[in-house]
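Number of protein chains: 2
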Amino acid sequence: MARTYGGVAPEQRRADRRERLLTAGLELFTTAGFRQTKITEMCARAGVSTRNFYEEFTGKEDVLRTLHDRINSLALEHVTAALDKVAEADAMTRIATLLDVFIDTVTVDPRLPRLNYVEAVGVSAELEEQHQVWVDRWATFIETEARRAAEHGVAPNRDYRLTAIALVGAATGLLREWQAHEPPLPVEDVGAELRALMLAAIMRPGKILEIPGNPGAPSGVEQSSREGDPGGGRLT
Amino acid sequence: MARTYGGVAPEQRRADRRERLLTAGLELFTTAGFRQTKITEMCARAGVSTRNFYEEFTGKEDVLRTLHDRINSLALEHVTAALDKVAEADAMTRIATLLDVFIDTVTVDPRLPRLNYVEAVGVSAELEEQHQVWVDRWATFIETEARRAAEHGVAPNRDYRLTAIALVGAATGLLREWQAHEPPLPVEDVGAELRALMLAAIMRPGKILEIPGNPGAPSGVEQSSREGDPGGGRLT
DNA sequence: GCTGTTTGGTAATCGAGGTTTTCACAATTT
DNA sequence: AAATTGTGAAAACCTCGATTACCAAACAGC
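Residue numbers (my numbering), protein chains in the order written: chain A, 1 to 236; chain B, 1001 to 1236.
Rendered as C-alpha cells:
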C-alpha cells in the first residue's frame, strides 16, 4: 500500500481527483441543476472514472453536501478572521464588517449562492438538517453582535434570536435574487441594503416602541415567550 | 361524450380526482419530499389510477407547480382583500395588516411554507421562474406600500425595491425555520418579528444616516444605481 | 336486455441512470 | 526481469419508476 504513482503520492492523486470532482459538481449543479446532473457527466468533466468517484463519494448528494459545507465554512472563516481584526471596534463597525465580508466572500462567484440557496434546498432530510445547523450558526453570530451592541447601549436590550434568523433569511433571499436576476443586480447595492437593513433591525429605533405596555396598538415587540404552540393548526 | 357516471358529471369527477391528487401531492411532497415521492404513491393515496393522473397532469412537477401557484395565489387573494378593507387607513396600519394576513394565511398549515420554501426550490428552471415571478409580485406589493408611507411622510423618499426583496427573503427564511423548528416557534412571535422588521426597514430611522455625504463612514444608504455590473466576478 | 361507447384499473413495457465488475496496464519492489 | 498491486476505462448489470396499452366494467340509447 501507499505507492507513489506517476511521481505523486496516492493520497495526493486522490485529493486531486476529489477536488476536480467537486469543481465539476459545482459547475454542473449550478448550470444544469442538481436533479438533472448525472454522475457520469460529473466524472467526464472531472476526468475521473466512476470507479474513482465511488471511492471518494457515496453519491451525488455527498458531493452537494460537501460543497454546501465548504461554502459556508469558507464564509465563516473569512468573517471570523475579519471580526478578530476589529475586536476592539464599536459594535456597529463590527456588524458592518461582518456583513461586508460575508457578502464579498459569497458574491465572488454567483455559483456559490446558487448552490447554497437554490440547489441545496429540499434535496434530502440530511441536507435540510445541515442547512439548519448553518442557519443556527449564522443566527448565533448575528445575535452575539446584536447583544454586544445592546451592552454598549446602542441597541435595545431584548431577545434577538428571531431577528437574527430573519436577517439570515433576508441575506439568503437577496443573494438568491442576486444570482438569478436579469439584468444583474449591482453587488454594492445588495451589500448596502443588507447592511442598512441589519442596522435598522438591531437598533430598531423607538417611535412606536418607546412606550411599552399599550396592547391596543397594531404592532409591538415584546420579549418572545419561546414556547411550544399546542396544536400546530393543520388545514382540514 | 359527456356522460354522467356514478350520478355525477364527468367534469365533476375529473375535478374531484384533480383535487384529490393535489391533496395527496401536498401531503407526500411535504413529508417524504418531492424527490422521493413516486407518482404511483400519489395515485394510491388519492385513489386515482395512473391513467387518470396523466389525464390531469403531465408529471410530478406539474402538481408541484400547481400547488406552489395555488398557495401564493391564495395568500395574495387574502392580502388583497384585507388591504381593500383598510384602504383609507394610514400607511403603517396597512403594512401591519398586509403582514398579519399573509402570515396567518400561510401558517394555517405548516405544509404550505414547507412546500413553497423548501420543496419547490431548485427543482427545475420553470419552477425557479415561477418563484421569481412571485417574489417580484410580493416585492412590488411591499414596495407600493412603502412608497405610500413615503408619500405620507412617515418614511424617507427613496428606492424601496431591494428593501422589498430583502423583506420577502426575511419572511421566507423565517417561515422556513418556523415549519422546521423543533421545538416549534410560536407563530405570534414570528409575525411580530416580521412586522417589526418591516416597519424598521421602511422607516429606517436616521441616526448615522442623518448626515449625507460622508463617504468615510462604514455604512450608508444612497439611492441605488441599478445598473449592470460589468464582469460578474467569477471565481478562478 | 343488448350494443356501442366512454371510463377506470391493472399490468406489461420501456428506458434511464446509478452501481459494480472486469480487464488491461503501468509503476514499483525485490 | 518478474511479480505484485494500485489505477483507470469501459462495459455489463440491475434496479426502479415513468409511461402506455390493454382489458374489464359502467352507463346511455335502441
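All C-beta atoms, glycine included, are put in the ideal place defined by N, C-alpha and C.
Residue from the options whose Cα sits closest to the Cα of residue i
i              : options                  : result
residue 1125/B : 24/A, 41/A, 180/A        : 180/A
residue 1102/B : 1190/B, 1204/B, 1017/B   : 1190/B
residue 148/A  : 16/A, 137/A, 203/A, 9/A  : 203/A
residue 1128/B : 32/A, 12/A, 69/A, 19/A   : 32/A
residue 110/A  : 123/A, 19/A, 121/A, 29/A : 29/A
residue 945/B  : 41/A, 185/A, 162/A       : Past the edges of chain B, shown from 1001 to 1236, lies residue 945/B, and the structure says nothing about it.
residue 92/A   : 37/A, 145/A, 158/A       : 145/A
residue 1016/B : 1027/B, 1100/B, 1052/B   : 1052/B
residue 1158/B : 1080/B, 1067/B, 1201/B   : 1201/B
residue 138/A  : 12/A, 192/A, 80/A        : 80/A
Cβ distance (whole Å) where residue i is taken to contact residue j below 8 Å
i              : j              : result
residue 1164/B : residue 1156/B : Contact flag wrong, Cβ pair sits at about 14 Å.
residue 166/A  : residue 194/A  : No, residue 166/A and residue 194/A are not in contact; Cβ-Cβ is about 12 Å, not under 8 Å.
residue 21/A   : residue 56/A   : 6 Å
residue 160/A  : residue 143/A  : 5 Å
residue 1177/B : residue 187/A  : Wrong, their Cβ atoms sit about 26 Å apart, outside the cutoff.
residue 1175/B : residue 1095/B : With 8 Å as the limit, residue 1175/B and residue 1095/B do not qualify as a contact, their Cβ atoms being about 18 Å apart.
residue 1169/B : residue 169/A  : 5 Å
residue 1060/B : residue 1040/B : With a Cβ gap of about 11 Å, residue 1060/B and residue 1040/B do not count as contacting.
Terminal residues of the alpha helix (DSSP H) in which residue i lies
i              : result
residue 1104/B : 1091 to 1106
residue 1136/B : 1125 to 1151
residue 37/A   : No alpha helix (DSSP H) holds residue 37/A; DSSP gives it neither H nor E.
residue 1053/B : 1050 to 1056
residue 1072/B : 1060 to 1085
residue 1110/B : Segment: none, residue 1110/B is in no alpha helix (DSSP H) and carries neither H nor E.
residue 119/A  : Note, residue 119/A: premise wrong, no alpha helix (DSSP H); not H, not E.
residue 1175/B : 1161 to 1180
residue 1192/B : 1187 to 1203
Chain-ordered chain A contacts of residue i [CB-CB under 9 Å]
i              : result
residue 1163/B : 193, 196, 197
residue 1137/B : By Cβ distance, chain A contributes nothing, its closest Cβ being about 13 Å from residue 1137/B, past 9 Å.
8 Å Cβ cut-off: residues of chain A touching residue i
i              : result
residue 1169/B : 169, 170, 171, 172, 173, 174, 176, 177
residue 1063/B : Ordered by position in chain A, no residue passes the 8 Å Cβ test against residue 1063/B, which lies about 15 Å from the chain.
residue 1101/B : By Cβ distance, chain A contributes nothing, its closest Cβ being about 12 Å from residue 1101/B, past 8 Å.
residue 1079/B : Within 8 Å Cβ-Cβ: nothing; residue 1079/B doesn't reach chain A, min ~16 Å.
Chain-ordered chain B contacts of residue i [CB-CB under 7 Å]
i             : result
residue 132/A : 1180
residue 166/A : 1170, 1173, 1174, 1193, 1194, 1197
Nearest-angstrom Cα separation, counted from residue j out to residue i
i              : j              : result
residue 49/A   : residue 43/A   : 6 Å
residue 1045/B : residue 1108/B : 23 Å
residue 1196/B : residue 98/A   : 23 Å
residue 73/A   : residue 25/A   : 18 Å
residue 19/A   : residue 82/A   : 27 Å
residue 1140/B : residue 1058/B : 32 Å
residue 1065/B : residue 1130/B : 8 Å
residue 10/A   : residue 76/A   : 31 Å
residue 14/A   : residue 122/A  : 30 Å
residue 84/A   : residue 78/A   : 10 Å
residue 1105/B : residue 1071/B : 9 Å
residue 1089/B : residue 1173/B : 29 Å
residue 1232/B : residue 1115/B : For residue 1232/B, the predicted structure reports a pLDDT of 35, less than 50, and the residue's modelled location is therefore unreliable. The matter cannot be settled from this model.
residue 69/A   : residue 119/A  : 13 Å
residue 62/A   : residue 12/A   : 20 Å
residue 1182/B : residue 1027/B : 20 Å
residue 1100/B : residue 1154/B : 20 Å
residue 1087/B : residue 86/A   : 48 Å
residue 54/A   : residue 132/A  : 27 Å
residue 1192/B : residue 152/A  : 25 Å
residue 34/A   : residue 1067/B : 22 Å
Chain B residues whose Cβ lies nearer than 8 Å to that of residue i
i             : result
residue 34/A  : 1122
residue 128/A : 1118, 1180
7 Å Cβ cut-off: residues of chain A touching residue i
i              : result
residue 1119/B : 122
residue 1200/B : 200, 201, 204
Closer than 7 Å: residue i CB and nearest the ligand GDP heavy atom
i              : result
residue 1017/B : Summarising the ligand content, the structure contains no ligands, and the ligand GDP is consequently not present.
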